[in-house]
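Chemist: First the structure, which I've put down as structure tokens, then a few questions once you've had a look.
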Amino acid sequence: MSKEKAQKKQSSSPSSRAWLIGGIVVAIVAAIAIGAYIWKTSSGTSSSLTTNGPVENRPLPDHGDKSLLQGVESFPNEGRDHVSSASELNYKTDLPTSGAHLPSPVPAGFYSEKIQPGLLVHSLEHGGVVIYYDPARLSNDVEKSLRAFVKAHLEMWAGVVVMPSPVHYDAPFILTAWTKMLKLENYDARVVQAFLAEYLGRGPENPVR
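Under our numbering, read the sequence shown as residues -12 to 196, first letter to last.
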């Protein structure tokens, strides 16, 4: 057998083919790994996606951004007594932030009907936040955002209640917590999140944050 034929036979042997196939497999695996790394660094990990996702779904920080809460008003504490009848209630503000209230709170939720203030104040005492909206200014996007905030915060001691404003107010969106109020001329989900971060779950009866 000539030297040329021997080399040709050797190059086509099973061991040579195995090395060739192995090299191709390694190259493919390396290409996949590089591609996955590039995608991960460019689009972020699942945790960063959660952090940078819709503001309504983000975990609340310990406190709200102070720069977004400069308009928060504080009111005197009007008490925490329970009464059996709404006729016994007399609040100093149209949208109360404290005071005597009915025995039951309002479950967290998005409501299209007005709710008795005595029930809302009980929710505030529990650490809830009540958000009032002007139906004429409730766009589809704003409603979707508010419903998302409600869905994310349904706890008994840290729930969000959203309802139409019972009176004509000087702002279309008003956020209330125990002795606190923030009026918004324009809806901003970042401000809502900051308000929740600062006050939700921190009512006088059973603070949970």
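Glycine included, every Cβ here is placed at the ideal spot set by N, Cα and C. Just so you know, these numbers come straight off a predicted model, no measurement behind them.
Report the three-state DSSP secondary structure of His155 (helix, strand or coil).
Modeler: coil
Chemist: What's the C-alpha gap between Gly86 and Leu187?
Modeler: Using only the alpha carbons, I get a separation of about 18 angstroms.
Chemist: Please list the terminal residues of the continuous alpha helix (DSSP H) segment that includes Ala184.
Modeler: Ala176 to Tyr186
Chemist: Can you grab the Cα-Cα spacing for the pair Glu192 / Asp157, in whole Å?
Modeler: 30 angstroms
Chemist: Return yes when the Cβ of Arg177 is within less than 8 angstroms of the Cβ of Leu55, no when it is not.
Modeler: yes
Chemist: By the 10 Å Cβ neighbour count, where 16 or more other Cβ atoms means buried, how is Ser72 classified, buried or exposed?
Modeler: So Ser72 ends up on the exposed side.
Chemist: Just grab the DSSP bridge partners of Gly146 for me.
Modeler: Answer is Leu141, bridged to Gly146.
Chemist: Would you kindly check if the distance between the Cβ of Gly115 and the Cβ of Ala95 is under 8 angstroms?
Modeler: yes
Chemist: Could you tell me which residues DSSP puts in a beta bridge with Phe97?
Modeler: Val149
Chemist: Is it true that the CB of Ala181 sits closer than 8 angstroms to the CB of Asp52?
Modeler: yes
Chemist: Identify which residue in Ser74, Val147, Leu76 and Thr80 has its Cα closest to the Cα of Phe62.
Modeler: Thr80
Chemist: Might you give, ordered along the chain, the residues of its own chain that have their beta carbon closer than 8 angstroms to the beta carbon of Thr166, omitting 5 neighbours on each side?
Modeler: Ser61, Phe62, Pro63, Asn64, Thr84 and Ser85
Chemist: Looking at the unbroken alpha helix (DSSP H) that takes in Leu107, where does it start and where does it end?
Modeler: Pro104 to Glu112
Chemist: What is the residue span of the beta strand (DSSP E) that Ala229 lies within?
Modeler: This structure cannot speak to residue 229, because the chain is shown only from -12 to 196.
Chemist: Could you round the C-beta distance between Val129 and Tyr174 to whole angstroms and report it? I think they count as a contact, below 8 angstroms.
Modeler: About 5 angstroms; that satisfies the 8 angstroms criterion.
Chemist: Beta-carbon separation of Gly190 and Glu112 under 8 angstroms?
Modeler: yes
Chemist: Between the alpha carbons of Glu185 and Val195, how many angstroms are there, rounded?
Modeler: 12 angstroms
Chemist: Quick check: Leu82 and Met168, are their CB atoms within less than 8 angstroms of each other?
Modeler: yes
Chemist: Taking the Cβ atom as the reference point for each residue, do Val148 and Leu89 lie within a distance shorter than 8 angstroms?
Modeler: No. Outside cutoff.
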